[in-house]
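Inspection log for the structure reproduced underneath, given as structure tokens.
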Amino acid sequence: MKSSDAEPTMTIGELAERFDLRTHVLRHWESSGLLSPAERVNGRRRYTKRHIARVAMIVRGKAAGFSLEQLRDVLDAGNVETRQALLHAHYEDLERRIREIEASRTLIEHAMSCRAHDFTECPGFSRLVESLNEGSEAAKAHSVELRGHVH
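Oh and the sequence shown: position 66 is 65 in numbering that gives the first Met the number 0, straight run, nothing missing.
Structure, rendered in structure tokens:
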């Protein structure tokens with residue numbers, strides 16, 4: 000096979016740079032079994048497209064709050080059904096956390112735009128807090144209603 004037919008590979012430094020990681024992080028993931036060891040060419044690790052995809056999932060999963068153990072479970076699931084069940088559970092958790100972050104953002108947006116001396120005593124802020132307790136849809140509607148009003 001010609002070298003031009005071979006799958007393109009990356010060195011550990013190139014892979015680390017692509018994901019803004021330190022090389023020791025990739026070595027740690029290899030030693031912990033999260034990332035399969037790269038083939039060595041002339042003594043240097045060479046990572047394939049499969050490694051790149053796996054690192055992307057690890058990096059994005061960590062950013063979403065997954066533990067390395069949870070990511071290992073997903074990446075090494077024995078079958079599609081198990082992997083789908085794990086991903087579904089993680090997805091539901093992400094959706095819940097997104098709703099919580101959106102509720103926090105709504106409160107902060109109001110506090111930033113509120114002209115009251117103490118925004119916690121602002122009637123609009125109080126209504127917003129109450130609507131957050133009722134559910135996120137009511138809070139979103141109330142937030143839209145409050146935008147553009149002088150508080």
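Where is the CB? At the ideal position from N, CA and C, for every residue including glycine.
Computed from a predicted model, the values in this text were never measured in an experiment.
Residue from the options whose Cα sits closest to the Cα of residue i
i, options, result
"SER103", "THR10, LEU67, VAL73 and VAL128", "VAL128"
"ARG96", "ALA76, PHE65, GLN83 and ASP75", "PHE65"
"GLY42", "SER30, THR10 and LEU70", "THR10"
"TYR90", "ARG126, LEU106 and ARG59", "ARG59"
"LEU106", "HIS50, ARG26 and GLY123", "GLY123"
"ILE100", "LEU131, GLU6, THR119 and GLU120", "LEU131"
"LYS48", "GLY12, THR8 and GLU108", "THR8"
"VAL24", "LYS61, VAL40 and HIS87", "LYS61"
Helix, strand or coil at residue i [DSSP, three-state]
i, result
"GLY77", "coil"
"ARG114", "coil"
"GLU6", "coil"
- Message: I want to know whether the region 54 to 62 touches the region 11 to 30 - three or more CB-CB distances under 8 angstroms.
- Response: yes
- Task: Mind listing, in chain order, the continuous alpha helix (DSSP H) runs of no fewer than 4 residues lying wholly within the region 8 to 69?
- Result: 11 to 17, 22 to 30 and 48 to 62
- Query: Should the region 32 to 44 be called in touch with the region 65 to 76, which here means at least 3 C-beta pairs below 8 angstroms?
  - Reply: yes
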